[in-house]
Structures are given as C-alpha cells and as structure tokens.
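Since the structure comes first, as structure tokens, the remarks are kept for the end.
Protein chains: 2
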Amino acid sequence: MLASFDARHRSRQNPTTMPSYSARLAERISQTNTCALVGIDPRFEMLPEPIVAAWREKEATANKQSNSEHYVQINATEEFCCRLIDVVAPLVPAVKPQVAFFEQLGPDGLSMLQRVIRHARNQGLIVIADAKRGDIGSTATAYANSWLAGEDPDAAPWPADCLTVNPYLGGDSLAPFVKAASDRGAGLYVLVRTSNPGAADFQDRKTEGQTLFNGVAAMVERLSVETLDGDYGQVGAVVGATWPQELKELRAAMPHTLLLVPGYGSQGGTAKDVMSATDANGQGAIINSSRAINFAHLREPYAREFGAARWEEAVEAATKAMIADLATGAA
Amino acid sequence: MLASFDARHRSRQNPTTMPSYSARLAERISQTNTCALVGIDPRFEMLPEPIVAAWREKEATANKQSNSEHYVQINATEEFCCRLIDVVAPLVPAVKPQVAFFEQLGPDGLSMLQRVIRHARNQGLIVIADAKRGDIGSTATAYANSWLAGEDPDAAPWPADCLTVNPYLGGDSLAPFVKAASDRGAGLYVLVRTSNPGAADFQDRKTEGQTLFNGVAAMVERLSVETLDGDYGQVGAVVGATWPQELKELRAAMPHTLLLVPGYGSQGGTAKDVMSATDANGQGAIINSSRAINFAHLREPYAREFGAARWEEAVEAATKAMIADLATGAA
C-alpha cells in the first residue's frame, strides 16, 4: 500500500506535490487497520485527579499568583491531552480535539491547543479540529486560515489537517473552506445530520419529499466529487450514529463522501449501527468516541481495574475494546 | 427614560439585580438616538497605512525577531480597533467585532481581542461578539462560557455582552446559550436569514408552505417571549437587509425579537430597506455596517477629503452619514 501511495496520489488534484487529506486518511486507516477516531474533550472536572493534584501542589509551592487555578487548568489539561495522544497514537488513525473546551480557557487555552495539535501531528496522528465554524466570503477564509494547515504544519496558527464546518449559511459560505482545503491537502467535515435529539428540529424538515439534511448531503457529495482523490473527496460529512437508518441512506446517497460518525458509545450507537458507514475495505468513514475513551477511568470495568492512578491503561483498554467492537460490527 | 430604568428593568426576569441585555441595549439606543451598529472587521491589508508603517518601523529598530511581521499585525490591528472604538463610542450604541479576523492571528490575536472588547466596554459600548458558534450540550455551554460575560466583565475570557449563534443543530443546541445569556444579563442573535446570496440554498427551502428560516424564526420568537424584559427578549435574530420583503415579514412574525440586520451599505441594503426592522420608538433592531465605516478612508468622498492620514475623521464622517441616512429611512 505504502509503495504505491506516491504514484497514486501525489499531484493528482493538487498543483503542488502534496498528498490530499483523503489520501492521507486512507493511508492511516490502512496502517492502523481501524476507523476508530478518538475525540479529545478535556472537561476539566473529569480529568484524572492525580494530574490535577500534582499541578495544584506545584502552583501552591512555586507561585502565589491570584490566578493560579487558571494555570492549574491549563497545565493539567495540556498534560492530560498529550499523554492521551501518546497512548492512542499507535492505535488509531486520527484524533478530534473539541475546540470549545480549549476556547473556554481563554487565549492560554488556545495557545495550549496549538501545542496539543502539534504534539498529535508529531505522533503521526491526523488532527481534525472540531470547531464547527461557518461564515461568509472573506470571513470564512479567515477561519480557514486559522485552522486548515493540511500538509504544512506552519500553514495555520492551529495546524489541523481537517476542520468541521456548519452549512446553514449556504454554498457560498462553504466555498472558501473548500478552496483552502484543496490548496493545502486539508479536509472538511460538513455537519449534515448530527447525533443530538434536537437535530430533528431543522435538519429533518421535509421539502418536496426530501429532508433538509438530504439537501445538504447532495451539496456535500457534489463538492466531494469535485475534489476527488482516490475513492473519496476532501469534503466529508458529519452523520450521527444515533439514527442507523438515516446513516445507511446517507452513505448510499454520498458514495464519494468521507463520513465522520459521532454518537457511538456514550450516545447509544452500536458497532452494528455505525459500520454501514465504511466501505468493503474498511475505508470511507471514521467513528468517533470521546468521553468513553478520555474518561475510561471513571466507568466500569476500567474504574475498578485501573482507576484514576492508572488512567492511561484505562484509555488504552477502552480504545482497544472500541477497535475490537468496530471490527465485530464490520464482520 | 433613564430615571425609570432601574424601576422598570432590574430584577424582573433575573434572580440577581442585573439588568438584561435587551434593557441595556434599549438604554444605549435611547442615549445615542440611533440603531446604527459598527462592525469591527480589521482586515489587515485595508488598515490605514500610517498605523502599519509606524509599527513596522518600531519593529525594525527595536527587535530583530523572525516573526516581527506577526507583531506588526497584532499591534497595528489593536491600535486601529481601539482608535476606531474611541471615535464611534459617543455616536452608536454597540460594536460587533468579527471574531474570525482576530482568530486568524492566532492566540495573540485572541488576547488582543480581549483587550479590544474590554476597551469597548470601558467606553460604554455594548459588545456583540460575531463568532457564529454552535454545538450541543456541554460543548455549547463551553462556548457560552467563552463569550458571554453579560453585565460582569470578568465572567468570561472574552467578555462580550452578546454572541451570534448558528441554529443548524436545533433547539437543544441553543438552550445552553439561552440559559447562560439569561443568567448573566447577556444576549444572543441567532442566524435566521443571512444576507449572502447562498443563504437561499438551505434557509429558503419551503416545507409545508413555510421556509426553513420561518421555522427558525418561530423558535427564536418563542425563546424571546420566554426571556422577555420590556418589549423584547434576550434571544435576537440575524436577518439580512438584502431581502427587504423577507425582513418586513420576519419583523412581523417576531414581534418580541431583537433584530441584528447586516447587509446595509456595502452589501446593497438601503435605509428604507432596513428601517422596517425597528419599531415606532426606533427600538428593536440594530443595523450593521462594517467595511464602509472601518475603511471609509478608502472610498469617496472620504478618500479625497481625509485619506489614510486622517482616517479617524473619515470614520467619524461615515458613521454620522450612516446615522443621518437611517434617520431619513425612519422618517
């Protein structure tokens, strides 16, 4: 697979010799032999106690700053994220940091996210920034310039390989993101059918026999075909695992579109539900789990077996269990 | 008007004695006697040359850092934004920084945005962070915690009075933002019908005789009624000026909803088009202009009269012209 990678992918769609996002993701899925995606959702109140306690102690003895709790949060979150990345890097193709949890820590939180993203890339992981950005014209370009580095880790302040985007503003709001992604060997996942109950409010509205999400899916598939490299394009779709029938239909309606599937695990989607998202080669989709992996030490059987002190072993066991479960679903 | 402010508004909806966003905005509109809103869109390539040149010279003599162009961008942008704020603060009720232009400057750009927001608040302006965030559950709460300070300028890293949000993920994605806004005397503007041509792609889709944007508008009006303080609630709507007929219909369909109207000026909306958004008291809507005010020194008649050297006079003249134009439209 690797031998033919250069020949098949380089300089096909791209004016430079840069491999595309779809090609790089396909390679990582082949290497790791799984489509499991680990979301990075560092909710401070759920971080393993030993990490937080150690930083509190350090702050208490070293500095007496009035905002020392802020630095405890920054440092403990960074240590947690980087150690989590070290555990999962040999196991999965990609990670998906949830930008909101870094943003709420202010500019220091977003500086820390830069370091976390660079660390993940250095470990060979593909990084999908889950920021759900969306705006028009030059404003959309500014967001793309913020997040879409693609191949070149110096090409954006937060050098992700891929970004999630919101389609509500329409096709001309997606175009600047698609152009930036294509130019840089980066990718996008457009929200199509999300996994939350409220998704039904607007996404499921029927128009001439077609739901709104079908309409968004048709646009995304067209953009995928326009950016095709190998079997898939650079413009993917977010489709929740919580509605297996819709997932199956959307997979069929978007044959050239990479899927990002949230809702497996904590939100109730099973391996059987989600595996219709991948193709016969186990490609074309990545299945996300965040909390169930990040905070495996808080739930059974890992809480009893490992607990907070051995949280990395809990993460590793939970990740391997997810990979095995997804393999069963595919079989 | 001011004398009765406390009696009418304090502790009406809010458990604390904090005045609501809608009450504070109404007060500012009364004080300034206009519904003009100045967007802050610091596109670096359009900043007045003297500001940029001065910072380049300072960087060239003081430091020989490899990333000195980055600091030129940060410093020049901050100086521009703060001086712009000083010019418009006595004239208009509110400003709307476009977060994407700060985000693309990286964490330093977002630190600078904190200072710009604080400066605007200190000048008495209401600050609307145009970030168009949207996500579900605790992730939405994290975004609200990032941006919604409301009355207390220490309550969020970016202490805005108000935030723009995207409704695509549905009602349960708006709920955490609405709760945070109500708790803090802050506000929201939900994207309903945007001003770009692509808005038609999804927002105009007809479902059972109703467009998607009508459906979103109905939800927003309901949320406004639930958070009513005075004539309007805390959950506003973004409705573009580029489709005057839709604007008029949406105003009628959302009688308790504050409107934020983009698309006046550079995008083609006229004073007559937009003034159907306000009520008989000149309240209930704010009309945005960004580029035409920010970069007035680049367009006639201000380019010839003032030029880049006297850009603040150009900003002042353009702002006053907009205020006068809106007053004509209302008459």
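Chains as they are written, first to last, in this note's numbering: chain A, 26 to 356; chain B, 26 to 356.
Don't be surprised by glycine CBs; every beta carbon is placed ideally from N, CA and C.
- Setting aside the 5 residues that flank it on each side, A:V241 is surrounded in the same chain by P192 and V217, each with a C-beta closer than 6 Å to its C-beta; the list follows chain order.
- Contact between the region 299-314 of chain A and the region 325-332 of chain A is absent: fewer than 3 CB-CB pairs across the two stretches fall below 8 Å.
- Taking C-beta separations shorter than 7 Å and ignoring five residues to either side along the sequence, the partners of B:E341 in its chain run V112, following chain order.
- Inter-segment contact for the region 276-295 of chain A and the region 220-229 of chain A is present: three or more beta-carbon pairs are separated by less than 8 Å.
- A check of alpha carbon separations from B:L72 across B:R49, B:L62 and B:L109 identifies B:L109 as the nearest.
- Secondary structure at A:V117: coil, using DSSP grouped into helix, strand and coil.
- By DSSP's assignment, B:G64 forms a beta bridge with B:K121.
- For A:P201, none of the residues of chain B pass the 8 Å Cβ criterion, the least Cβ distance being about 11 Å.
- A:D226 places its beta carbon less than 7 Å from that of B:G196.
- In this structure, the alpha-carbon of B:E84 lies about 7 Å from that of B:V97.
- The region 120-160 of chain B is shown to contain whole alpha helix (DSSP H) runs of 4 or more residues at 124-128 and 131-147, in chain order.
- For A:G212, the enclosing beta strand (DSSP E) starts and ends at G212 to R218.
- Between A:H281 and A:G255, the gap from beta carbon to beta carbon reaches 7 Å or more.
- The C-beta distance from B:A174 to B:L150 rounds to 14 Å, too long to fall under 8 Å, and the pair is not in contact.
- Per DSSP, B:S291 lies in no alpha helix (DSSP H) and is assigned neither H nor E.
- In the three-state scheme derived from DSSP, where H, G and I count as helix and E and B as strand, A:Q270 is classed as helix.
- Taking 8 Å as the Cβ-Cβ cut-off, the region 157-172 of chain A approaches chain B at K157, R158, G159, D160, I161, G162, S163, T164, A165, A167, Y168, N170 and S171, given in chain order.
- Considered as a whole, the region 220-259 of chain A harbours 224-228 and 237-251 as its complete alpha helix (DSSP H) runs of no fewer than 4 residues, in chain order.
- Around the beta-carbon of A:R140, fewer than 16 other beta-carbon atoms lie within 10 Å, marking it exposed.
- Segment contact: the region 209-216 of chain A against the region 46-53 of chain A, three or more CB-CB distances shorter than 8 Å; contact assigned.
- Contact with chain A is found for B:Q129, since one of that chain's Cβ atoms lies less than 7 Å from the residue's Cβ.
- The DSSP-derived three-state label of B:L275 is helix.
- Under a criterion of Cβ atoms nearer than 7 Å, the residues of chain B adjacent to A:Q123 are, in order, T164.
- Comparing alpha-carbon positions, the option among A:L199, A:S55 and A:P287 lying closest to A:V260 turns out to be A:L199.
- Going by beta carbons, B:L285 and B:V263 fall inside the 7 Å limit.
- In this structure, B:A87 lies away from B:V124, with their beta-carbon atoms at least 7 Å apart.
- B:A119 is the residue among B:T102, B:A181, B:I142 and B:A119 whose C-alpha sits nearest the C-alpha of B:T57.
- Against chain B, a Cβ distance below 8 Å from A:L248 picks out nothing, because the smallest value is about 12 Å.
- Against chain A, a Cβ distance below 7 Å from B:P222 picks out D197.
- Against chain A, a Cβ distance below 7 Å from B:V241 picks out F227.
- In summary, B:P67 is buried, with 16 or more beta-carbon neighbours lying within 10 Å of its beta-carbon over all protein chains present.
- Of all residues in the region 288-304 of chain B, none has a C-beta nearer than 7 Å to a C-beta of chain A.
- Taking 7 Å as the threshold, the shortest C-beta distance from B:F126 to chain A falls below it.
- Counting the other Cβ atoms within 10 Å of the Cβ of B:G134 gives 16 or more, which makes it buried.
- Comparing alpha carbon positions, the residue from A:L138, A:P122, A:K121 and A:L116 closest to A:N100 is A:L138.
- Under the three-state reduction of DSSP output, A:A200 falls in the helix class.
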